[in-house]
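These notes are about the structure you will find just below.
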Amino acid sequence: MTHPKRRLAPWTVTRTGPDGTFVLGPRLGVLQLSTADLDALSARAWDELVVLGFAEPTSARALSLVSEAALPPPRAGGREAPAPGARPGTIVAGAFEDEGEALARALSAQIPGSAWRVTTELPDAARGALVILLQAIEPRSPDLARALLSRGAEVLWYGEGSEGVHLGPVLRAPRDLDDYLEATHGWGAARDLWRMGFTDGWPVTLISAIRDDVSGVARAAQRALSAPAGSCVLLGGMRQVSLWTTLARAPVTLDVLCSSQTWSKGMLADLRVERAVEVDAVWVASCRSPAGGDAYLEGNFGKGTSPEEARITGVGEAVERFSAFLGSREVRAGEAPPTTEELPLRAFHPFAPAWEAYLAQGEPPVEMTQVRDEVSGRVVRVPATLLHESYGPTHPSSASTGTTSCGLAAYPDRRGAVLRGALETLERDSFYPAFLHQRPAQCLALDDVPDAPRRGDLRDLAGALERLGFSFWLLRYPDARALPIVHAFLLDAAGTAMSRGAGSGYTWATAAVKALLEAVQLREQFALVAQQGPSGPTDDGYVAWAKPEVIAELCAYLRRSTRPDRLVDLPDEAALHARVLAGVGALLVKDLPSPAVDMSAVRVLIPGATCHACPSISAGGAKLLGAAFKHPVPV
């Protein structure tokens with residue numbers, strides 16, 4: 001008996017090289033085949049490919065297109081108002097003429113007053129004409145769409161993401177296409193696919209969707225045609241979403257952002273809120289936001305004692321980092337203000353090989369930008385790289401230091417955002433010089449913490465950790481600022497890894513809860529690094545703090561801590577803000593373009609503050625020179 005020849009689905013892309021045969025398919029998933037010869041695959045392996053949508057079924061019945069019975073019934077007679085998208089449309093079917101005819105009938109039935117025709121060639125589209133280019137591979141450079149747009153036509157685009165097929169956006173101008181391509185390709189995962197050799201185009205499973213549910217495709221197309229610019233409709237679930245690139249020109253409320261941007265081409269990709277793997281009393285949120293194609297910088301995390309607290313803090317981190325990314329795309333230099341004060345890079349905490357190379361060049365001039373000193377009210381000019389370096393410098397002169405997100409913050413009001421950016425910087429300035437030089441610390445017992453609204457959360461969290469066998473330490477480093485800043489250290493019962501965290505607030509209870517939550521959240525990173533290996537330079541700390549000899553050194557240091565002085569809470573956040581301003585010589589703030597109209601986003605710089613664990617020849621880095629603790633620190 002002769003079996004039909006096996007073939008991969010037309011919506012797949014295959015790359016064969018010295019490292020094997022890889023197939024890119026539905027939902028942009030990648031499979032590695034044991035052989036490039038499809039007929040040599042086992043029956044089980046082939047069936048799995050079919051089930052996953054990577055291969056064509058070999059039975060004629062399974063290959064048949066949607067039947068006429070699956071189309072919407074004809075509409076009753078009588079005049080009906082035209083629906084959005086009710087105009088003549090053309091489907092350029094190419095090799096998929098049968099699927100094009102099925103979709104044309106479904107669209108004509110779904111959208112009152114519309115009429116769709118099918119052609120196999122690029123039409124001579126008039127201005128305002130609506131076109132769908134039917135294809136199984138989405139080209140990286142869609143020249144056909146550009147040609148149609150140049151003639152004044154509109155194109156209903158579609159694509160593939162981890163959710164499957166989406167219909168939309170409607171392309172009305174070349175800029176719309178550019179925005180879509182950036183929203184699709186501006187991710188670390190896209191760079192990974194290109195590095196694997198998938199450079200010309202990626203699969204899109206619209207053909208499969210038409211075969212399975214052409215009416216559903218027509219409904220999604222109708223919604224996409226009436227949606228705002230930059231909007232798409234997910235075929236699975238019919239949810240309307242927006243590309244992250246829309247936020248650069250049209251910020252939205254936080255509620256709208258959370259509902260429209262939680263998808264693979266939105267600002268909150270892969271948003272999840274789950275219980276911590278080891279400590280189910282803690283909730284951890286995670287998502288990815290665009291960071292110039294650097295996958296390592298895309299991750300955002302939130303944590304809390306409730307799912308809502310974790311979600312809010314995770315989305316807040318995504319907003320602040322995305323704001324910095326948007327800021328990096330703007331023209332950052334401006335006319336010199338009426339002041340001559342400029343602060344050089346070395347007044348802060350630059351680091352890494354980029355800083356060493358910059359020093360070796362004699363510290364040439366760099367791009368400067370304006371910030372406001374919240375203490376004095378003055379306008380000061382600082383190196384622009386300090387504000388946007390984390391998200392891809394747009395000018396070669398900006399590449400003069402390593403990356404850090406220290407001092408980024410987003411909050412419903414500007415003063416709250418400034419305070420949180422300052423506190424994050426001061427937490428680091430409190431920790432790194434004292435810890436790396438192994439200076440004496442004070443260890444807080446639960447009874448040392450004054451009664452405050454979050455003291456109950458602290459006791460509940462501490463109890464949950466103790467029941468699981470964790471040991472934890474809550475440290476403070478006394479200094480002249482006298483801010484409620486707590487540093488937590490957390491060790492599991494088996495002694496497999498020591499994690500750490502920092503927290504602050506106007507009460508010591510709030511600071512301690514935040515520090516413990518961060519220490520729990522960082523344990524998730526330990527598990528990820530152990531499973532996948534280090535993926536970035538800061539992962540070295542996770543490797544080091546899982547080594548028995550380093551854990552022993554840390555425990556010995558923690559045992560040397562002493563009892564604290566009497567702890568006193570501040571009355572409210574206003575008092576905390578006042579104490580922060582009184583404790584710093586300058587508090588430099590750059591307002592960033594927030595994607596949420598009801599959130600302020602800022603970058604805070606404190607001259608001389610130590611912002612990370614890297615020593616350098618600079619005001620912040622010099623405080624770490626000759627440190628006693630020689631191991632990297634997890635962040």
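With the UniProt record's numbering applied, the sequence shown corresponds to residues 1 to 635, in that order. Ideal placement from N, C-alpha and C gives every residue a C-beta, glycine not left out. Keep in mind it's a predicted model, so treat the numbers as computed, not measured.
Do residue j and residue i have their beta-carbon atoms positioned less than 8 Å apart in this structure?
{"i": "residue 598", "j": "residue 253", "result": "yes"}
{"i": "residue 529", "j": "residue 539", "result": "yes"}
{"i": "residue 137", "j": "residue 203", "result": "yes"}
{"i": "residue 99", "j": "residue 211", "result": "yes"}
{"i": "residue 568", "j": "residue 450", "result": "yes"}
{"i": "residue 501", "j": "residue 522", "result": "yes"}
{"i": "residue 273", "j": "residue 281", "result": "no"}
{"i": "residue 53", "j": "residue 25", "result": "yes"}
{"i": "residue 504", "j": "residue 319", "result": "no"}
{"i": "residue 452", "j": "residue 369", "result": "no"}
{"i": "residue 321", "j": "residue 291", "result": "yes"}
{"i": "residue 555", "j": "residue 351", "result": "no"}
{"i": "residue 409", "j": "residue 602", "result": "yes"}
{"i": "residue 140", "j": "residue 186", "result": "no"}
{"i": "residue 616", "j": "residue 355", "result": "yes"}
{"i": "residue 171", "j": "residue 157", "result": "yes"}
Which same chain residues, not among the five before or five after residue i, have their C-beta less than 7 Å away from its C-beta?
{"i": "residue 348", "result": "386, 605, 607, 618, 619 and 620"}
{"i": "residue 629", "result": "435, 436 and 438"}
{"i": "residue 526", "result": "497, 499, 542 and 546"}
{"i": "residue 245", "result": "179, 182, 183 and 230"}
{"i": "residue 251", "result": "594, 595, 596 and 597"}
Cα separation between residue i and residue j?
{"i": "residue 226", "j": "residue 169", "result": "10 Å"}
{"i": "residue 524", "j": "residue 517", "result": "11 Å"}
{"i": "residue 520", "j": "residue 303", "result": "9 Å"}
{"i": "residue 271", "j": "residue 455", "result": "29 Å"}
{"i": "residue 43", "j": "residue 131", "result": "41 Å"}
{"i": "residue 329", "j": "residue 293", "result": "13 Å"}
{"i": "residue 276", "j": "residue 147", "result": "50 Å"}
{"i": "residue 92", "j": "residue 143", "result": "14 Å"}
{"i": "residue 405", "j": "residue 103", "result": "48 Å"}
{"i": "residue 581", "j": "residue 634", "result": "29 Å"}
{"i": "residue 407", "j": "residue 382", "result": "15 Å"}
{"i": "residue 121", "j": "residue 195", "result": "33 Å"}
{"i": "residue 154", "j": "residue 87", "result": "12 Å"}
{"i": "residue 94", "j": "residue 208", "result": "15 Å"}
{"i": "residue 287", "j": "residue 300", "result": "5 Å"}
{"i": "residue 362", "j": "residue 326", "result": "31 Å"}
{"i": "residue 651", "j": "residue 118", "result": "In the structure displayed, the chain extends from 1 to 635; residue 651 sits before or after that span and is not available."}
{"i": "residue 62", "j": "residue 41", "result": "Residue placement at residue 62 is poorly supported in this model, since its pLDDT is 33, which falls under 50; the coordinates still yield a value, given next. Spanning the two alpha carbons is a distance of roughly 20 Å."}
{"i": "residue 590", "j": "residue 243", "result": "26 Å"}
{"i": "residue 375", "j": "residue 414", "result": "15 Å"}
{"i": "residue 481", "j": "residue 583", "result": "5 Å"}
Does DSSP put residue i in a helix, a strand or coil?
{"i": "residue 487", "result": "strand"}
{"i": "residue 570", "result": "coil"}
{"i": "residue 151", "result": "coil"}
{"i": "residue 325", "result": "helix"}
{"i": "residue 551", "result": "helix"}
{"i": "residue 303", "result": "strand"}
{"i": "residue 514", "result": "helix"}
{"i": "residue 263", "result": "coil"}
{"i": "residue 634", "result": "coil"}
{"i": "residue 503", "result": "strand"}
{"i": "residue 524", "result": "helix"}
{"i": "residue 591", "result": "strand"}
{"i": "residue 135", "result": "coil"}
{"i": "residue 258", "result": "helix"}
{"i": "residue 431", "result": "helix"}
{"i": "residue 542", "result": "helix"}
In its own chain, which residues sit with a C-beta less than 8 Å from the C-beta of residue i, not counting the 5 before and 5 after it?
{"i": "residue 470", "result": "279, 490, 491, 492 and 493"}
{"i": "residue 534", "result": "540, 542 and 543"}
{"i": "residue 80", "result": "Confidence at residue 80 is low in this model, with a pLDDT of 40, below 50, so its placement is unreliable and the value that follows should be read with caution. Excluding sequence neighbours, residue 80 sits near 112 and 113."}
{"i": "residue 440", "result": "560, 561 and 562"}
{"i": "residue 31", "result": "22, 23, 25, 49, 52 and 54"}
{"i": "residue 458", "result": "446, 449, 509, 512, 513 and 516"}
Which same chain residues, not among the five before or five after residue i, have their C-beta less than 6 Å away from its C-beta?
{"i": "residue 127", "result": "152"}
{"i": "residue 14", "result": "23"}
Requested in this report: May I ask you to verify whether the segment 568-586 touches the segment 414-429, counting CB pairs closer than 8 Å and requiring at least 3?
Outcome: yes
Query raised in the report: Would you call the segment 440-456 and the segment 474-490 in contact, with 3 or more CB pairs under 8 Å?
Result: yes
Query raised in the report: If you pair each beta-carbon of the segment 190-197 with each one of the segment 227-234, do three or more pairs fall below 8 Å?
Result: no
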